[in-house]
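Protein chains in written order, with our numbering: chain A, 22 to 295; chain B, 104 to 260.
Below: the structure, in structure tokens.
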Amino acid sequence: METTNCSQIREALIRRLSDQIVISTVMDQCVFSLPIRGLDERPTDVFVEKQLGQSFRVHDAGITTSHLFAQGIHITEHKASMLEEVAKRLGVSYLAGTFEVSCKESEIQDAILAIGQCSAMATVESASHKPVIEEDPIKTRVDRSLTQWKPAYVREIRRRVPVKGRKARHSFDFVSFPQDADRTNTVAIQVLAPSHSPQAQAERYGFLVLDTEQLAPYESWRRFAIVTKVEEWGDRPLQLVQDLSQETVKLLSGEEKNIETMLPQIMENLSKAA
Amino acid sequence: MSDKFFLVPTIVAAEKYIDISRDEIERVLSEENSEFDYDWEETVIDDLNNEHVVTLKLNINCKAQLMISWSIALKLHQIRIDGIDWHSEYRDPEGATQQGWHRHRFDQRKQRADSQRWPTGALEGASNRTTFLIMTLSEMNISLSGVDHGNYELFSD
Numbered sequence: 022m023e024t025t026n027c028s029q030i031r032e033a034l035i036r037r038l039s040d041q042i043v044i045s046t047v048m049d050q051c052v053f054s055l056p057i058r059g060l061d062e063r064p065t066d067v068f069v070e071k072q073l074g075q076s077f078r079v080h081d082a083g084i085t086t087s088h089l090f091a092q093g094i095h096i097t098e099h100k101a102s103m104l105e106e107v108a109k110r111l112g113v114s115y116l117a118g119t120f121e122v123s124c125k126e127s128e129i130q131d132a133i134l135a136i137g138q139c140s141a142m143a144t145v146e147s148a149s150h151k152p153v154i155e156e157d158p159i160k161t162r163v164d165r166s167l168t169q170w171k172p173a174y175v176r177e178i179r180r181r182v183p184v185k186g187r188k189a190r191h192s193f194d195f196v197s198f199p200q201d202a203d204r205t206n207t208v209a210i211q212v213l214a215p216s217h218s219p220q221a222q223a224e225r226y227g228f229l230v231l232d233t234e235q236l237a238p239y240e241s242w243r244r245f246a247i248v249t250k251v252e253e254w255g256d257r258p259l260q261l262v263q264d265l266s267q268e269t270v271k272l273l274s275g276e277e278k279n280i281e282t283m284l285p286q287i288m289e290n291l292s293k294a295a
Numbered sequence: 104m105s106d107k108f109f110l111v112p113t114i115v116a117a118e119k120y121i122d123i124s125r126d127e128i129e130r131v132l133s134e135e136n137s138e139f140d141y142d143w144e145e146t147v148i149d150d151l152n153n154e155h156v157v158t159l160k161l162n163i164n165c166k167a168q169l170m171i172s173w174s175i176a177l178k179l180h181q182i183r184i185d186g187i188d189w190h191s192e193y194r195d196p197e198g199a200t201q202q203g204w205h206r207h208r209f210d211q212r213k214q215r216a217d218s219q220r221w222p223t224g225a226l227e228g229a230s231n232r233t234t235f236l237i238m239t240l241s242e243m244n245i246s247l248s249g250v251d252h253g254n255y256e257l258f259s260d
């Protein structure tokens, strides 16, 4: 290739890079949007913050980590170590989810490019991020099992059955109603996930039970609690659920499918219990 | 097993409820270096009136000092289907250059919501974690429990 052509290409490249560097200001910090594209189709933003004296802090404001998290890529300890190593090799640091470096004015350009490079390299994870098709949710499994189980003595199985207590309205996830209420029992099923507070979940269930206790027609219903992710519950809330139910099935994470084999026998026992 | 991405428009448009208070989310986010990560099962009715139960995930990151680094995302099958975050500059799907807060819209062809960004005024006036949560959750049709159960750890043995 002729030297003149190389120079032209160089000039054109410089113009292109220059045109694509966008500058804005946020909270007294300069933000440089660089023409370095991450694999997540995200522009690379680098922040420059003036500090005391002639020192500057150049960083990504934690945007890379935050946006990776939003895309479904969680920064595990292993991934964090890798990002720390990438940052170190490029002369910056990765601290509490932020790529950053302190520098003098004469070093700002190199710092901006290094932070931009780190930010773009961190998106490599997004290339391998694929949908995770979960197994059926527990309520779908319970629903399917109940439909398959439904014997002749059961008139109807309803979902999300509202019940009116003395003080409030509640609902059971599923209720099995018998053909002959004198011979077989109505069975109410509640699926209890730990949610954010197992204690609150248990107490809400407790309120449902106590609010409908000795109240027709619920007083004769058999209660069947299905507790999921049991490893997250703790003894006290679990005990409360057990004390308020005629039957409690405790499922560890990953054991949800077991409910389909357990449910028919438990429903049979509860429906026919004296 | 097949994916449920065909339900995304219905899920995004539906009013969704999660059984947790805003105070509790803020407590989680206040813990050092913490992110909010919550799964729940949502029942969705499709156009043919069929009922589907899907597992959704809500992720919120408010770690950084600058609010523009915060993000919120709703996920199905661990893939973002809706969300709000900030860029200094981006192109919207019509090719116009935009700046600032935007909402990610799911692209059925790519099966992700990373590239379709639409400007949103949802964060207009937001100045702290509380207003960020109120405004973004409202924009994404997610309502929270009005009951805060407090920190049960205080009463544990």
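Ideal placement from N, C-alpha and C gives every residue a C-beta, glycine not left out.
Report the three-state DSSP secondary structure of residue i (helix, strand or coil).
i      : result
B:A216 : strand
A:N206 : coil
B:L226 : coil
B:H207 : strand
B:S259 : With a pLDDT of 46 at B:S259, under the threshold of 50, the modelled position of that residue is not reliable, and no figure is offered here.
B:K178 : strand
A:H88  : helix
B:I187 : strand
A:K293 : helix
B:P112 : helix
A:D66  : strand
A:V52  : strand
A:W242 : coil
A:L229 : helix
B:S105 : coil
A:H80  : strand
A:Q222 : helix
B:S248 : strand
A:T46  : strand
A:S114 : strand
A:P285 : helix
A:Q263 : helix
A:D40  : helix
A:R31  : helix
A:I280 : helix
A:C139 : helix
Give a yes or no on whether the C-beta atoms belonging to residue i and residue j are separated by under 8 Å.
i      : j      : result
B:T223 : B:E242 : yes
B:K166 : A:G118 : yes
A:S197 : A:V208 : yes
A:E268 : A:R162 : no
A:Q200 : A:Y174 : yes
B:R194 : B:A216 : no
A:I247 : A:L273 : no
A:R204 : A:D194 : no
B:I175 : B:T239 : yes
A:V79  : A:V47  : no
A:S241 : A:N279 : no
A:R94  : A:E146 : The sequence given here has Ile at residue 94 of chain A, not Arg. The answer is yes: Cβ separation under 8 Å.
Note down, in chain order, every chain A residue with its Cβ under 7 Å from the Cβ of residue i.
i      : result
B:W204 : Correct list: empty, because the minimum Cβ distance to chain A is about 12 Å.
B:D217 : D61, E62 and Q92
B:E197 : Chain A residues near B:E197: none, gap ~16 Å exceeds 7 Å.
B:N162 : F90 and A91
Strictly below 9 Å CB to CB, what residues from chain B border residue i?
i     : result
A:I57 : Here the premise fails: no neighbours, minimum Cβ distance about 13 Å.
Can you tell me whether residue i is buried or exposed, with buried defined as 16 or more other CB within 10 angstroms of its CB?
i      : result
B:F258 : Because the pLDDT at B:F258 is just 47, under 50, the model does not fix this residue reliably, and the point stays unresolved.
A:H99  : exposed
B:W120 : Rather than Trp, the amino acid found at residue 120 of chain B in this sequence is Tyr. The residue in question, B:Y120, is exposed, as its Cβ has fewer than 16 Cβ neighbours within 10 Å.
A:C139 : buried
B:I148 : exposed
B:D260 : Confidence at B:D260 is low in this model, with a pLDDT of 44, below 50, so the placement of that residue is unreliable and no value is reported for it.
B:G249 : exposed
B:E256 : Reliability fails at B:E256, whose pLDDT of 49 lies under 50, so the model's placement of it is uncertain and the value that follows must be treated cautiously. B:E256 comes out exposed.
B:V111 : buried
B:W204 : buried
A:V67  : buried
A:P64  : buried
A:C124 : buried
Chain A partners of residue i, CB-CB under 9 Å?
i      : result
B:V113 : One point to set straight first is that residue 113 of chain B is Thr, not Val, in the sequence displayed. Those do not exist, as B:T113 stays about 16 Å from chain A at its closest Cβ, beyond 9 Å.
B:L169 : V47, M48, Q50, F68, A82, G83 and I84
Can you list the residues of chain B that residue i reaches, using a CB-CB cut of under 7 Å?
i     : result
A:H9  : Nothing in the structure corresponds to residue 9 of chain A, since chain A is present only between 22 and 295.
A:I84 : S172
A:V52 : S191
Could you work out which residues of chain A lie near residue i, taking near to mean beta carbons separated by less than 8 Å?
i      : result
B:Y120 : By Cβ distance, chain A contributes nothing, its closest Cβ being about 12 Å from B:Y120, past 8 Å.
B:D106 : P152 and I154
Quiz item: What residues in the region 158-184 of chain A have a beta carbon less than 7 Å from any beta carbon of chain B?
Solution: P158, K160 and T161
Quiz prompt | Interface positions of the region 138-158 of chain A facing chain B (Cβ-Cβ less than 9 Å), listed along the chain | solution = S147, H150, K151, P152, V153, I154, E155, E156, D157 and P158
Quiz prompt | Residues, ordered as in the chain, of the region 29-49 of chain A that lie near chain B by beta-carbon distance below 7 Å | solution = V43, S45, V47 and M48
Quiz item: Which of the residues in the region 216-250 of chain A, read from start to end, lie with their CB under 9 Å from any CB of chain B?
Solution: S216, H217, S218, P219, Q220, A221, Q222, E224 and R225
Quiz prompt | Against chain B: residues of the region 99-128 of chain A by CB proximity under 9 Å | solution = A117, G118 and T119
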